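This report refers to the structure that appears directly beneath it.
Residue numbers (my numbering), protein chains in the order written: chain A, 7 to 116; chain B, 183 to 298.
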């Protein structure tokens with residue numbers, strides 16, 4: 007089983023839709039969690055950190071479920087510009103080497 | 183957020199030559215930098231972890247003699263692809279950990295290497 011797993015998609019949604027991605031992790035000692043966004047042929051950019059209490063930034067909401075070992079990203083009112091690959095990143099306690107998921111592709115169409 | 187630069191942004195070189203890529207943290211000190219490679223439509227692959235003042239730690243399958251990493255200061259790490267071959271053509275991305283926010287890493291814009 008991979009350490010960090012994501013559904014590669016693509017998720018094809020119309021503008022204005024709400025879409026959610028999950029990311030599961032296998033290491034129960036995982037300590038910090040992030041969502042990154044990567045556009046085609048560009049570097050990943052930090053979208054948001056994921057805290058135990060959840061994290062909301064505008065249309066984006068991230069949640070952590072430690073019991074089930076997954077994090078989620080919810081995007082409300084999707085925009086065309088949200089089309090990208092969303093990467094889940096997990097750091098384990100005592101290790102500073104991040105583990106990346108393979109990414110989930112989102113396509114928002116008119 | 184913190185800013186990481188990479189230079190060059192793209193390079194075309196002939197087979198057998200060496201290419202040096204620089205990664206700089208512009209507004210913070212980075213004790214640790216990471217080097218990744220990404221082939222088209224594939225996920226990021228960690229190549230090595232670069233620690234300031236010490237030898238880099240390479241991932242399994244990455245040749246340390248081919249991919250030379252130097253992290254001489256808290257703001258600069260370099261990756262040299264020696265004797266490049268067409269199969270080394272890829273998108274090379276560095277990232278740096280911000281000491282002030284130990285778990286967050288910020289990525290450079292990447293270097294697209296094409297070996298002919």
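Glycine included, each C-beta is placed from N, C-alpha and C at the ideal position. Computed from a prediction, not measured in an experiment: that's the story for all the values here.
- Among the residues of the stretch 80-105 of chain A, those with a Cβ less than 7 Å away from any Cβ of chain B are 97, 102, 103 and 104, in the order of the chain.
- Taking all protein chains shown into account, residue 104 of chain A has 16 or more neighbouring C-beta atoms within 10 Å of its C-beta and is therefore buried.
- Between the alpha carbons of residue 21 of chain A and residue 116 of chain A lies a gap of roughly 6 Å.
- Looking at the DSSP output, residue 50 of chain A shares a beta bridge with A/44.
- A residue is called buried when at least 16 other Cβ atoms come within 10 angstroms of its Cβ; residue 298 of chain B does not meet this threshold and is exposed.
- Put simply, the backbone Cα of residue 27 of chain A is about 42 Å away from that of residue 196 of chain B.
- Buried is the label assigned to residue 110 of chain A, since at least 16 other Cβ atoms lie within 10 Å of its Cβ.
- In terms of beta-carbon proximity, residue 285 of chain B lines the interface with chain A, with at least one pair separated by less than 7 Å.
- Judged by DSSP secondary structure, residue 226 of chain B falls outside any beta strand (DSSP E); it is assigned neither H nor E.
- In this structure, DSSP gives residue 93 of chain A an extended state, which the three-state scheme calls strand.
- Identification of chain A residues near residue 190 of chain B by a Cβ-Cβ cut-off of 9 Å yields none; the smallest Cβ-Cβ distance measures about 14 Å.
- Residues of the stretch 44-55 of chain A whose Cβ lies closer than 9 Å to any Cβ of chain B, in chain order: 44, 47, 48, 49, 50, 51, 52 and 55.
- Contact with chain A is absent for residue 251 of chain B, since none of that chain's Cβ atoms lies less than 7 Å from the residue's Cβ.
- The DSSP-derived three-state label of residue 285 of chain B is strand.
- Of all alpha-carbon atoms in A/30, A/48 and A/84, the one lying nearest the alpha-carbon of residue 40 of chain A is that of A/30.
- DSSP places residue 62 of chain A in the uninterrupted beta strand (DSSP E) bounded by 61-63.
- When A/36, A/48 and A/43 are compared, the shortest CA-CA separation from residue 220 of chain B is found for A/48.
- Neighbourhood of residue 288 of chain B in chain A, by CB distance below 8 Å: 52, in chain order.
- Residue environment analysis places residue 73 of chain A among the exposed positions, since fewer than 16 neighbouring C-beta atoms fall within 10 angstroms of its C-beta.
- Here residue 225 of chain B really is in contact with residue 106 of chain A; their C-beta atoms are around 6 Å apart, less than 8 Å.
- For residue 280 of chain B, the enclosing beta strand (DSSP E) covers residues 272-280.
- Residue-level contact by beta carbon fails for residue 72 of chain A and chain B, as no gap is shorter than 7 Å.
- Counted as a single uninterrupted DSSP element, the beta strand (DSSP E) harbouring residue 68 of chain A occupies residues 66-71.
- The beta carbon of residue 52 of chain A lies closer than 6 Å to those of 42 in the same chain, with the five residues before and after it left out.
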